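Trainee: Dropping the structure in here first, questions after.
In our numbering, the protein residues as written are 9 to 142.
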């Protein structure tokens with residue numbers, strides 16, 4: 009399977025997981041925090057989605073940049089770069105969202121943490137699958 013196809017499948021998987029998170033969290037968020045918390049939940053899940061999508065790029069490009077046999081130390085470097093990139097993108101986007109859009113802070117941060125952890129499982133599985141095949 010090509011690297012582009014693997015990455016597109018990964019994007020579809022995390023998009024599906026994000027939609028499931030939004031569906032599961034809609035009623036509890038609305039009943040506990042009110043209608044104003046729903047945009048915060050949506051923004052937080054979107055920030056985590058973008059972080060996962062960008063963070064997976066170092067893993068998705070394994071084998072396309074001339075690094076055949078990238079197992080071992082190269083795989084570890086890419087995995088670490090992926091996790092650090094993901095964290096930096098989420099932190100920067102979350103800061104920008106809070107600064108410029110001003111969502112309800114508590115629901116935003118709660119859903120940012122929840123969606124980050126759920127999508128982290130998908131990111132780790134993607135990295136494991138890609139690096140294992142090398």
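Built from N, CA and C at the ideal position, the CB exists for glycine as well.
Only a predicted model underlies this, so the values are computations on that prediction, with no experimental measurement involved.
How do the stretch 96–109 and the stretch 23–39 stand: do at least 3 beta-carbon pairs fall below 8 Å, yes or no?
Mentor: no
Trainee: Is the beta carbon of residue 45 sitting closer than 7 Å to the one on residue 115?
Mentor: yes
Trainee: Compute the beta-carbon to beta-carbon distance between residue 111 and residue 17, rounded to the nearest angstrom, for a pair I have assumed lies under 8 Å.
Mentor: 31 Å between Cβ atoms; not a contact.
Trainee: Using only the alpha-carbon positions, how far apart do residue 88 and residue 22 sit?
Mentor: 20 Å
Trainee: Alpha carbon to alpha carbon, how far is residue 83 from residue 70?
Mentor: Roughly 8 Å separates the two Cα atoms.
Trainee: Using 7 Å as the threshold, is the C-beta distance between residue 64 and residue 11 below it?
Mentor: no
Trainee: Considering Cα atoms alone, identify which of 15, 93, 27, 138 is closest to residue 126.
Mentor: 27
Trainee: Within the stretch 61–110, note down every full alpha helix (DSSP H) run reaching 4 residues or more, in order along the chain.
Mentor: 65–68, 81–104
Trainee: Would residue 86 be called buried (16 or more neighbouring beta carbons within 10 Å of its own) or exposed?
Mentor: buried
Trainee: Mind checking whether residue 49 and residue 119 have CB atoms under 7 Å apart?
Mentor: Contact flag set, yes.
Trainee: Looking at C-alpha atoms only, which residue of 13, 43, 138, 93 is the closest neighbour of residue 56?
Mentor: 93
Trainee: With distances taken from CA atoms, which of 139, 20, 13, 14 is nearest residue 81?
Mentor: 139
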